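Only one structure is covered here, and it is reproduced in the block below.
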Amino acid sequence: MKAFRDASYDLHRYPSSDHRGLRHAIASVHGLDPDRIICGAGSDEIIAFLCQAYSGEGTEVLHTEHGFGMYRISALANGATPVEVKENERVTDVDALLAGCTKKTRLVFIANPNNPTGTMIGLSEIERLAKGIPKQAILVLDGAYAEYVEGYDGGAALVEAHDNIVMTRTFSKLYGLGGLRVGWGYGPAHIIDVLNRVRGPFNVSQAGLNAAEAAIKDVAYAEHCRIENARWRTWMADALAEIGVPSDVSCANFILARFKSKAEAEACDDYLQTQGLIVRRVAGYKLPACLRITVGDESACRRVVHAIRQFKGD
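Here the numbering used here is used: the first residue of the sequence shown is 182, the next is one more, and so on.
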């Protein structure tokens, strides 16, 4: 908050155009090359840069069945054809993605962990995908929720080992800076060079840059948040399963609660709203019988479970 407030004294000045301070802070924390990092107004903008630079009319952009909606939106915005690939029980299916590739494929997007399912695949499967896609294609690993997974680098090591992988990350999730819109990407030098040619010079506010730099340097607090999230995510998933609302094992900061039908999911959402609780319907992600429930602190988790238990009549 201090970094954000301090930026208010220089609001008449344009922000940094090369994001040097934040790039070097990210590089220091994650052990990366700062010259291969690009910053954007959320990872959404990095996704948009990739589609703008590498897709277009006559090309295809692959994404998974329940993948993040911005992949499709950015592909369409640039005249490309989005191609939806089936998942296997709400988990990314590498074989299906490989089968979906054609000579027109330019980008393959996967969120790992995925939003809104919370599921993820292992590094060996990602590497198999990277090696199997066409030579002209780029694999994009959306690591918006990577910080919630202990020991997971979001795919950074794979970026180092391959010239066709880009990793995107954000400060909107674990770092809680969604309102400031700050994200970043890491990739081969030749791809980052192209993306920087597409990027506008002042695409991230100075307040956002300052706050993100302070946030990523606070490694101890980030780890505390990860541990607390994992603790209450497990508790909430187990508590809901006991009353007949199962979910897949989640690696993110939410669970995807599965109800018996679309009608039951919507009725539960309606009831939760009467209790002052907001969850997310995900029919737009072709999951009409599910609700995505964010993991809060102990009080919030206990409150939402109590409300769903009341709704279920238990």
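We put the CB at the ideal spot given by N, CA and C, even for glycine. Note that the structure is a prediction, hence the values are computed from the model and not measured.
Nearest candidate by alpha-carbon position, reference residue i, set the options
i, options, result
"R287", "L320, R309 and T349", "L320"
"A234", "S386, V379, D399 and D478", "V379"
"E341", "P215, D199 and Y195", "P215"
"S353", "S224, G303 and L472", "S224"
"C220", "D451, D199 and G212", "D199"
"K398", "A208, A258, L231 and N259", "A208"
"L325", "E445, G248 and F440", "Position check: residue 325 holds Ala in this sequence, whereas Leu was assumed. Ranking E445, G248 and F440 by Cα distance to A325 puts G248 first."
"V289", "L304, L310 and R271", "L310"
"Q491", "Y466, C449 and K183", "C449"
Residue i, DSSP secondary structure in three states
i, result
"V430", "coil"
"M348", "strand"
"H487", "helix"
"T455", "helix"
"F435", "strand"
"Y326", "coil"
"Y333", "coil"
"P294", "coil"
"C482", "helix"
"V242", "strand"
"R253", "helix"
"V379", "helix"
Proximity of residue i and residue j at Cβ, strictly below 8 Å
i, j, result
"Y367", "A337", "yes"
"Q456", "A488", "yes"
"V385", "V400", "no"
"A438", "L390", "no"
"V267", "E241", "With the sequence shown as reference, residue 267 is identified as Lys, and Val is not the correct amino acid for it. No, they are not a contact pair."
"I291", "T273", "yes"
"P294", "C432", "yes"
"Y329", "N434", "yes"
"I302", "V275", "yes"
"D429", "T349", "no"
"A392", "L421", "no"
"V463", "P297", "yes"
"W413", "E479", "yes"
"A206", "E394", "yes"
"L528", "E308", "The structure shown does not extend to residue 528, since the chain spans only 182 to 495, so no value can be given for it."
Rounded C-alpha distance that separates residue i from residue j
i, j, result
"K285", "R461", "35 Å"
"I227", "L468", "26 Å"
"A277", "D419", "31 Å"
"L458", "Y452", "9 Å"
"H371", "A318", "14 Å"
"L257", "E238", "9 Å"
"G212", "R204", "11 Å"
"N269", "S442", "20 Å"
"Y250", "A229", "Just to set this straight, residue 250 is Gly in the shown sequence, not Tyr. Roughly 12 Å between the two C-alpha positions."
"T475", "A411", "12 Å"
"L231", "E423", "43 Å"
"R271", "A184", "40 Å"
Residue i, buried or exposed, once every other Cβ within 10 Å from all chains shown has been counted against 16
i, result
"D323", "buried"
"I408", "exposed"
"H244", "buried"
"F383", "exposed"
Near the ligand ATP: residue i beta-carbon under 7 Å from a heavy atom
i, result
"S255", "Judged by which ligands are present, the structure shown has none, so any question about the ligand ATP falls away."
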